[in-house]
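Position 45, counted from 1, in the sequence shown is what full-length UniProt numbering calls 45; the numbers after and before it change by one each time, with no gaps.
Cβ coordinates follow ideal geometry from the N, Cα and C atoms, glycine included.
Scroll down for the structure; my scribbles are underneath it.
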Amino acid sequence: MGQGFVAQSLTIENSAGPQNHQAAALYNTADQSAFYNCIFLGYQDTLYAKENRQFYKDCKIYGTVDFIFGHAKAVFQDCHIYARPETLITITAQNRASDSEVNGFSFQGCHVEATPGLTPPQRANLRVFLGRPWDRYSTVIFMQSIFDDIVDPQGWTEWPGVPVDHLYYAEYDNSGLGADTSKRVNWKGYHVVKKWMEADWFTVAKFIDGNSWLPETGVPYRSGLRIVS
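Next up, the structure:
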């Protein structure tokens with residue numbers, strides 16, 4: 001995939017199965033790439049957003065461990081994030097490595113939920129974390145999204161050996177049974193964002209400069225935050 005790559009209405013699957021551990025369905029390094037109405041099927045490490053500016057709109061992403069990971073500056077807008085059964089489920093593993101880098105993952109208007117078709121016992125055993133830091137400056141925000149009750153009250157979890165003082169993990173204006181932040185991690189780098197100006201930095205227009213290149217792709221998008229009257 002090269003710069004400006006666009007995919008629409010595709011299903012991209014790694015069929016290795018959960019027993020084979022790390023198995024990416026998508027490995028994306030393309031700058032100004034956009035995926036619209038696509039389905040990504042995998043278990044551990046489903047979607048490798050490795051680098052550059054990336055945009056995902058109305059996509060469905062299935063996985064278990066670190067299933068959205070990488071070093072990219074990526075926005076996921078109006079996506080369904082489906083947790084599959086596993087002992088410990090971590091949605092993101094973003095690996096911003098230094099303070100001088102400008103990258104991270106922004107989730108806007110997404111829905112974190114259980115994979116459809118699970119039995120009640122399978123669903124009851126899901127313990128989902130929004131992310132863990134692959135590197136010390138890991139940057140992830142969920143904003144104006146819906147969290148089902150499968151999200152663990154702690155919200156986030158550690159990566160062994162990676163300090164949590166310099167990361168930036170944030171939540172802004174989310175809803176649903178899993179969105180209560182009162183029992184979230186007590187880390188210096190974790191933030192419950194109250195001001196829209198802070199969340200606005202992670203929108204399509206500002207975080208990935210989307211207004212300068214997304215119109216050419218034909219992929220619909222919201223440039224800013226959803227306005228609530």
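Between the C-alpha atoms of Ile208 and Leu118 there is a straight-line separation of about 36 Å. With a minimum length of 4 residues, the unbroken runs of alpha helix (DSSP H) contained wholly in the segment 151-222 fall at 196-200, 204-207 and 214-217.
A straight line joining the alpha-carbon of Ser98 with that of Asp31 spans about 20 Å.
Here the alpha carbons of Tyr82 and Lys60 stand approximately 7 Å from one another. By a beta-carbon distance limit of 8 Å, Val192 does not contact Gln77. Their separation comes to about 21 Å. Contact annotation, Gly131 with Ala93: C-beta distance approximately 7 Å; criterion of less than 8 Å satisfied.
At least 8 Å separates the beta-carbon of Leu177 from that of Tyr137.
Looking from the CA of Ser9, the closest CA among Ala23, Thr181 and Ile39 belongs to Ile39. For Arg53, the enclosing beta strand (DSSP E) covers residues Arg53 to Lys57. Taking 8 Å as the cut-off, the Cβ atoms of Ile91 and Phe67 count as close. The beta carbons of Tyr36 and Lys57 sit about 5 Å from each other, so the pair counts as a contact at 8 Å.
Note on Thr139: 16 or more other CB atoms within 10 angstroms of its CB, so buried under the neighbour-count rule.
For Gln122, the enclosing alpha helix (DSSP H) covers residues Pro120 to Ala124.
In this structure, Thr181 is the residue among Asp165, Val162, Thr181 and Pro163 with its C-alpha nearest to the C-alpha of Glu171.
For Met1, there is no enclosing beta strand (DSSP E), as DSSP gives it neither H nor E. Going by beta carbons, Ile146 and Ser175 fall inside the 8 Å limit.
At a cut-off of 4 residues, not a single continuous stretch assigned as alpha helix (DSSP H) sits fully inside the segment 57-102.
Annotation: the continuous beta strand (DSSP E) that includes Ala34 extends over Ser33 to Tyr36.
The Cβ-Cβ distance between Ala34 and Leu214 falls below 8 Å. Assignment of Gln144 by DSSP, reduced to helix, strand and coil, places it in the coil class. Asp135 is the residue among Gln44, Asp45, Asp135 and Thr11 whose C-alpha sits nearest the C-alpha of Pro160. In the DSSP assignment, Tyr137 falls outside any beta strand (DSSP E) and carries neither an H nor an E. Of the candidates Ile150, Gln108, Ala24 and Leu88, the residue whose Cα lies closest to the Cα of Pro116 is Ile150. Straight-line measurement puts the Cα of Val75 at about 8 Å from the Cα of Phe202.
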